[in-house]
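Enquirer:
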Amino acid sequence: MTHVTLEQAIAKVPLAIQSELRTILDQHAVIDSSVITSWLDRLGIDIDTLMIELLPVAAIYARVPISNFYVGAIALGKPKSNSEVDSGNLYFGANMEFVGQALSFSVHGEQSATTNAWLHGETGLQALAINAAPCGYCRQFLYEMATVNQDFVILLKANKAQSEQTYTSNILPYFLPEAFGPADLGLKGGLMETVFHGLETCSTDDVVLAALSAANQSYAPYTKNFAGVALKDSHGNIFTGRYAENAAYNPSMSPMESALTYMNMNKSPQSLFDICDAVLVEVETTISQRPVTEAVLSSISPRVVLRYVPATLSSNK
Ligand SMILES: [Zn+2]
82 MTHVTLEQAI AKVPLAIQSE LRTILDQHAV IDSSVITSWL DRLGIDIDTL MIELLPVAAI
142 YARVPISNFY VGAIALGKPK SNSEVDSGNL YFGANMEFVG QALSFSVHGE QSATTNAWLH
202 GETGLQALAI NAAPCGYCRQ FLYEMATVNQ DFVILLKANK AQSEQTYTSN ILPYFLPEAF
262 GPADLGLKGG LMETVFHGLE TCSTDDVVLA ALSAANQSYA PYTKNFAGVA LKDSHGNIFT
322 GRYAENAAYN PSMSPMESAL TYMNMNKSPQ SLFDICDAVL VEVETTISQR PVTEAVLSSI
382 SPRVVLRYVP ATLSSNK
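Start counting the sequence shown at 82; every next residue gets the next number (the numbering used here).
(1) Would you mind reading off the limits of the alpha helix (DSSP H) that contains residue 342?
(2) Name the residue from 248, 195, 214 and 240 whose alpha carbon lies nearest to the alpha carbon of residue 228.
(3) Are there any heavy atoms of ligand 1 lying less than 6 Å away from the beta-carbon of residue 218, as far as the coordinates show?
(4) Give the DSSP bridge partners of residue 172, in chain order.
(5) Does DSSP classify residue 216 as helix, strand or coil?
(6) Hey, how far is the Cα of residue 214 from the Cα of residue 237?
(7) Counting Cβ pairs, one atom from each stretch, are 3 or more of them under 8 Å apart for the region 342 to 352 and the region 109 to 119?
(8) Could you check if residue 202 is buried or exposed, using at least 16 other CB atoms within 10 Å of its CB as the buried criterion?
(9) Counting pairs of Cβ atoms below 8 Å between the region 278 to 289 and the region 259 to 269, do you hit three or more?
(10) Alpha carbon to alpha carbon, how far is residue 283 from residue 216? Give it in angstroms, no decimals.
(11) So what does DSSP say about residue 192, is it helix, strand or coil?
(12) Please list the terminal residues of the continuous alpha helix (DSSP H) segment that includes residue 384.
(13) So, residue 173 versus residue 143, is the Cβ gap smaller than 7 Å?
(14) Any heavy atom of ligand 1 closer than 6 Å to the Cβ of residue 109?
(15) Does the contact criterion of 3 or more C-beta pairs under 8 Å hold for the region 385 to 396 versus the region 354 to 366?
(16) For residue 256, report the span of its alpha helix (DSSP H) as first-last.
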């Protein structure tokens, strides 16, 4: 997908929701289930179709100075058990590339939408819509999710030249047959499950405590390198990121990539990454997030020095 502006993307969604969508995106790229329910009623379409129609809007969050290839993704969370609406929230995602860094630091749209959902407290996804076929790396990343075998579907926007259909809907095993995942390493559960690792520091600094909270909710079942990053912007807002490990190792997502993703999707589209402070909290084991975090930070905010805080496991645990 090539570049379009926010206004051009919004102009293509149904007129009845344009103004509300614009207001929501000023805050963050998350749409509450109650709003979705009212939009579906108003538009007379189903949730899958709405997700596909919103993809060009998600893609405007892409930061792709290297490829110029704009990917939009939208994750559908689970319905809230105490809610009257049976939809979940929608979480936008988009790809990011970093000039001056190896391509392996890139964040893909599917990772971005999943991270946006996870950091907003979701414990699983019902569906993920995307405007380009998921690459092998993302298929493996998504296979780490604990709920991946519970009716999770991928909605893929159709290539108009090849199909009359607007989109296709398939379960992940369609894209990743004979998969290797957490169960093959003897693990029960997976990514996005609620966890608390009981890490502690003696700091009372608010950015350190935010990074500590993220580390406590990180996912590192293979190395126990529990890690979280917190980034503070020039307005005093703090954005956190959690390490998300993968059974196949390479599709793991660093806490810095996670925090930048969360910052990208929770400010107005294409806002500056005005980072004033950055903290990494981790339990250093056989691996460490420190070199990668420092490298990516130096690409984006060369004047900010990473504050590194080793965490210890609580004596109560
Ligand atoms: Zn991908």
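Even for Gly, the Cβ is constructed at its ideal location relative to N, Cα and C. None of the values given here were measured: they were computed from a predicted structure.
Expert: Concretely, from the data shown:
(1) 336 to 346
(2) 195
(3) yes
(4) 111 and 156
(5) coil
(6) 7 Å
(7) Touching, yes, given that three or more Cβ pairs across the two stretches are closer than 8 Å.
(8) Counting other Cβ atoms within 10 Å of its Cβ, residue 202 stays below 16 and is therefore classed as exposed.
(9) no
(10) 42 Å
(11) helix
(12) No alpha helix (DSSP H) contains residue 384, which DSSP labels as neither H nor E.
(13) no
(14) no
(15) Contact holds: three or more Cβ-Cβ distances are below 8 Å.
(16) Segment 253 to 256, the alpha helix (DSSP H) holding residue 256.
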